[in-house]
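In the working numbering, the protein residues as written are 945 to 1141.
The beta carbon of each residue, even a glycine, is placed where N, CA and C say it ideally should be.
Since the structure comes first, as structure tokens, the remarks are kept for the end.
Right, dumping it as structure tokens:
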């Protein structure tokens, strides 16, 4: 929350943030953090691949969804940037023409990192619930788990967890199953070791 003597951050403030940082406005405060590590991007890309085929293209699944990587969501006074988000086609029937999307997603995914985990859990989750996001997945690449939540009357209910190399079949994408190992192609012990040149 902004202090009484400070003015809430504006979109103009957000636009001044250098492009190497991710910027959000949460409860009037401009929050910035560095672009994520490669493992974060690998997980986001792999998960996008798993859900896009069956749920956007209808290949081996029901179709009917649209997915966007790092959309800028304008939810009331807040500007949030989840790692991935998805909308049912009946709710997003045409291509958004602006950077800021005002239609709450039906699903949002946050890939946790040490610099963002607290904000993702404690600040962004309640906003997602308040603005009607139907489902949220939290993925921890370090501990290799997914927690899937469903919005029940503005409160989050944990509806499933996948860990290790288990199979993933979690709402709202429980029409398919994929392996957790598909999201993590590298051995965890090698995650931060520099490559030999």
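For residue i, the first and last residue of its enclosing alpha helix (DSSP H)
i, result
"residue 988", "982–995"
"residue 956", "955–959"
According to DSSP, residues forming a beta bridge with residue i
i, result
"residue 1105", "1091"
"residue 1077", "Bridge partners of residue 1077: none, in fact."
"residue 1112", "1122"
"residue 1084", "1089"
"residue 1044", "1016"
From the options, residue whose alpha carbon lies closest to that of residue i
i, options, result
"residue 1023", "964, 997, 1058 and 973", "973"
"residue 1108", "1086, 1034, 1121 and 1114", "1086"
"residue 1036", "991, 1110, 1010 and 1014", "1010"
"residue 1076", "1091, 1046 and 1055", "1046"
"residue 1053", "1078, 1044, 1040 and 1034", "1078"
"residue 1126", "1014, 1030, 992 and 1042", "992"
"residue 1124", "978, 994, 962 and 958", "994"
With 16 other Cβ atoms within 10 Å as the buried cut-off, status of residue i
i, result
"residue 1049", "buried"
"residue 1129", "exposed"
"residue 1119", "exposed"
"residue 1060", "buried"
"residue 1138", "Bear in mind that a pLDDT of 40 at residue 1138, under 50, signals an unreliable position, so the model cannot answer this."
"residue 1064", "buried"
"residue 955", "exposed"
Start-to-end residues for the beta strand (DSSP E) that takes in residue i
i, result
"residue 977", "973–978"
"residue 1023", "1022–1024"
"residue 1016", "1016–1019"
"residue 1007", "Looking at the DSSP string, residue 1007 is not in any beta strand (DSSP E), and its letter there is neither H nor E."
"residue 967", "965–970"
"residue 1054", "1051–1055"
"residue 1032", "1028–1032"
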